[in-house]
Amino acid sequence: MGLAYTYYPGCSVGATSRWYDISLRAVAKALDVELAELEDWNCCGATAYMSVRELMSFCISARNLALAEPLGRDIVTPCNACFTVLHKTNRYWHEDETLRGKVNEALAAAGLHYKGTVKVRHALDPFVNDVGLDAISEKVTKPLAGLKVAAYYGCQLVRPETGLDSPDYPVILDQLLASLGAEPVDWAMKARCCGASLIVSREDVARDLIADILKCAADAGAEAITTLCPMCHINLETQMARINKDYGFDLNFPVLFFTQLMGVALGVDETELGLDKGFIDARPLLTRHGIGARA
Amino acid sequence: MYAPAVNEAFLAEVSSLPGGERITQCIQCGSCSGSCPTAAWMDHSPRQIFALIRCGMRDEVLSSNTPWTCASCYTCYVRCPKEIKITDIMYALKRLSIREHKAKPETKPARVMAEVFEGLVNKHGRNSEFHLMRRLYGRPSAITKALRNAPSGMKLKRLGRLPFRQEKLSANGLMQMKQITDAVEKMGGL
């Protein structure tokens, strides 16, 4: 029997990031990892909810932890924001006695209880740390040979205090890409913030941040960017054309979820990877490298 | 009538907010401002905000765009040598500025987004990207922005990545959400 986790998809994966969800499930299956979706999960609250109500945000977030606890497995989520909020809720629940009391009181009103035994993890983590890079490498049937990829971590995967990797210069996604045969490029903005929801509230600010990130990846020689957060993914891909126009750039590379690249390398059926569902179709690039995808 | 510009209790007030405990430890080193990717667009950099809090410049702080320009990337938080939970303080300042109607008009889109998001989650248990965008870009004041972003929206729709349905919890799940939020309301928690 392989590894098994409770899966918390988060709100974006049903919509703009649906290929993240589909490819993640397919890759997990290929690696004999069981992801059992948490039944009746609710929104973690993300950044927006916490800006209006803090205690409420911790309490609704804790409902998910309480639902997951009897299942006795770690929670795994593919979204950086969900990961941050669930992880932060869990951490503060342990660290702050007053908060713990309030959260438990609110959960009790709904007939729920949390004992504090759940571990919250980002979807990248079990692949790298439980399955292991060597085991993944052994299962690669179509190495991503010659593919220069910029591994973009976004901000919240390694902050605050997630203990997963360096908050300034993380490397685990680069290592995963290398185990798939790809050539991760060395670049400075791998953990720089894309602005997240500022794209809605302060478009001017977010677009400058996104332009910096895209340009930096291109200058480092990347042919594609890979992300592990729905917000980063949508910000980078939807803004590229306008940034080209406004800043005089000529950027033209696909933005892929890391699970899509894993899927290609592991020989997962292409219909489960959505390589053509991005703003820029990734298949011609892969074909150019002889990596099997049909253009 | 004499109206003091300085509020001596403000520092104590902020340090009593969740995450604000260590604010008195700030040594004005500037690591936060130097690390912040959005500091260039802020009325006052994070370091300046902490100096203003210590000076008791309550209105200046609460009407500043600074907390609303914070993208919540936690870079300052992990770099602060005094382990001040800076991002949490920015959140707290946002809530305070909403509660006291101090925020500047330019921060309205961020406030509206947070409030619409909260409303959707409270009602359905989950956010829906389409319905959030419809509510935000569907307002008359957002027409220019809506038009600029329409091509992206249509492309997402064409790619099958913008479903109109609103995800919902089960009846039991929604009841639990309501019981939880009612309980928090009773505790008087923000």
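Chain order of the listed sequences is A and B.
Going by the working numbering, the first sequence opens with residue 1, and the numbers climb by one from there.
Going by the working numbering, the second sequence opens with residue 1001, and the numbers climb by one from there.
By construction, the Cβ of each residue, glycine as well, lies at the ideal position given by its N, Cα and C atoms.
All figures in this text were calculated on a predicted structure; none of them were measured in a lab.
Locate the beta strand (DSSP E) running through residue i, then write down its first and last residues.
i	result
Ile-225/A	224 to 227
Thr-77/A	75 to 77
Val-131/A	Unbroken run through Val-131/A: none, as it is neither H nor E.
Val-103/A	Counting along the chain, Val-103/A falls outside any beta strand (DSSP E), though it belongs to the alpha helix (DSSP H) covering 97 to 109.
Leu-35/A	34 to 37
Ala-4/A	4 to 7
Is it buried or exposed for residue i, if we count other Cβ within 10 angstroms and need 16 for buried?
i	result
Phe-1117/B	buried
Val-1078/B	buried
Arg-288/A	exposed
Gln-972/B	With chain B running from 1001 to 1190 in the structure shown, residue 972/B is simply not present.
Glu-138/A	exposed
Cys-1029/B	exposed
Tyr-169/A	exposed
Met-1154/B	exposed
Thr-117/A	exposed
Lys-190/A	buried
Arg-159/A	buried
Ala-295/A	In this prediction, Ala-295/A scores a pLDDT of 43, lower than 50, which makes its location untrustworthy; the coordinate-derived value is nonetheless stated afterwards. Result: exposed.
Leu-261/A	buried
Gly-263/A	buried
Taking Cβ-Cβ distances shorter than 7 Å, what residues in chain B pair up with residue i?
i	result
Ser-23/A	Correct list: empty, because the minimum Cβ distance to chain B is about 13 Å.
Met-50/A	Tyr-1091
Cys-43/A	Val-1121, Gly-1125, Arg-1126, Asn-1127
Gly-195/A	Ala-1071
Val-205/A	Thr-1038, Trp-1041, Thr-1069
DSSP three-state label for residue i, please.
i	result
Thr-1087/B	helix
His-122/A	strand
Glu-1021/B	coil
Phe-58/A	helix
Ala-151/A	strand
Val-255/A	strand
Glu-183/A	strand
Trp-1041/B	helix
His-1131/B	helix
Val-13/A	helix
Glu-161/A	coil
Cys-1055/B	helix
Cys-82/A	helix
His-113/A	coil
Leu-237/A	One detail in the question is off: residue 237/A reads as Glu in this sequence, not Leu. Reduced to three states, the DSSP call for Glu-237/A is helix.
Trp-93/A	helix
Val-200/A	helix
Glu-270/A	helix
Lys-1157/B	helix
Asn-1007/B	coil
Phe-1050/B	helix
Ser-1031/B	helix
Gln-175/A	helix
Thr-1144/B	helix
List the residues of chain B that residue i touches, going by C-beta distances under 9 Å, in chain order.
i	result
Asp-40/A	Gly-1125, Leu-1169, Ser-1170, Asn-1172, Gly-1173, Gln-1176
Val-171/A	Simply none; closest approach about 16 Å.
Ile-60/A	Val-1121, Asn-1122, Gly-1125, Met-1177, Ile-1180, Thr-1181, Val-1184
Arg-192/A	Pro-1037, Cys-1073, Thr-1075
In chain A, which residues lie with their C-beta within 8 Å of the C-beta of residue i?
i	result
Met-1187/B	Leu-55, Lys-102, Glu-105, Ala-106
Arg-1095/B	Ser-51, Val-52, Arg-53, Glu-54
Pro-1109/B	Val-200, Ser-201, Arg-202
List the endpoints of the continuous alpha helix (DSSP H) containing residue i.
i	result
Tyr-49/A	46 to 52
Leu-1174/B	1171 to 1187
Ile-291/A	It is not in any alpha helix (DSSP H) - Ile-291/A carries neither H nor E in the DSSP assignment.
Phe-1117/B	1108 to 1124
Leu-1166/B	Here the sequence assigns Gln to residue 1166/B, which means Leu is not the residue at that position. Counting along the chain, Gln-1166/B falls outside any alpha helix (DSSP H), and DSSP gives it neither H nor E.
Arg-1139/B	Taken as a continuous stretch (DSSP letters only), Arg-1139/B belongs to no alpha helix (DSSP H), as it is neither H nor E.
Phe-1010/B	1010 to 1015
Glu-203/A	203 to 219
Lys-29/A	18 to 30
Trp-1068/B	1066 to 1069
Cys-1076/B	1075 to 1079
Which bits of chain A does residue i rub up against, with CB to CB less than 7 Å?
i	result
Gln-1179/B	Ala-109, Ala-110
Ser-1152/B	Thr-238
Chain B partners of residue i, CB-CB under 8 Å?
i	result
Ala-369/A	As shown, chain A starts at 1 and ends at 295. That puts residue 369/A outside it, with no answer to give.
Would you mind telling me which residues of chain A sit closer than 9 Å to residue i, beta carbon to beta carbon, in chain order?
i	result
Thr-1024/B	Neighbours of Thr-1024/B on chain A: none; closest Cβ ~19 Å, over 9 Å.
Ile-1098/B	Ser-51, Val-52
Verify the CB distance criterion: does residue i have a CB-CB separation below 9 Å to chain E?
i	result
Cys-11/A	Although the question refers to chain E, the structure presented lacks it and instead comprises the protein chains A and B.
Just checking, does the stretch 159 to 168 of chain A make contact with the stretch 211 to 226 of chain A on the three C-beta pairs under 8 Å criterion? Not touching, per the Cβ criterion.
Is it true that the stretch 196 to 207 of chain A meets the stretch 1080 to 1087 of chain B, where meeting means three or more beta-carbon pairs spaced less than 8 Å apart? Look at the beta carbons and you see the stretch 196 to 207 of chain A not touching the stretch 1080 to 1087 of chain B: under three pairs across the two are nearer than 8 Å.
Check whether the stretch 13 to 30 of chain A and the stretch 66 to 74 of chain A are in contact - that is, three or more C-beta pairs closer than 8 Å. Contact between the stretch 13 to 30 of chain A and the stretch 66 to 74 of chain A is absent, because fewer than three Cβ pairs lie under 8 Å.
Segment contact, 8 Å Cβ cut-off, at least three pairs: the stretch 1121 to 1129 of chain B with the stretch 1154 to 1169 of chain B: Output reads yes: the stretch 1154 to 1169 of chain B touches the stretch 1121 to 1129 of chain B.
Inspect the CB distances between the stretch 263 to 277 of chain A and the stretch 1039 to 1054 of chain B and report whether three or more fall short of 8 Å. Contact fails: fewer than three Cβ-Cβ distances are below 8 Å.
Three or more beta-carbon pairs under 8 Å between the stretch 1103 to 1117 of chain B and the stretch 1065 to 1073 of chain B, yes or no? Cβ pair count under 8 Å is three or more, so yes.
Count Cβ pairs between the stretch 89 to 96 of chain A and the stretch 55 to 70 of chain A that sit closer than 8 Å; are there 3 or more? Counting Cβ pairs under 8 Å, three or more are found: they touch.
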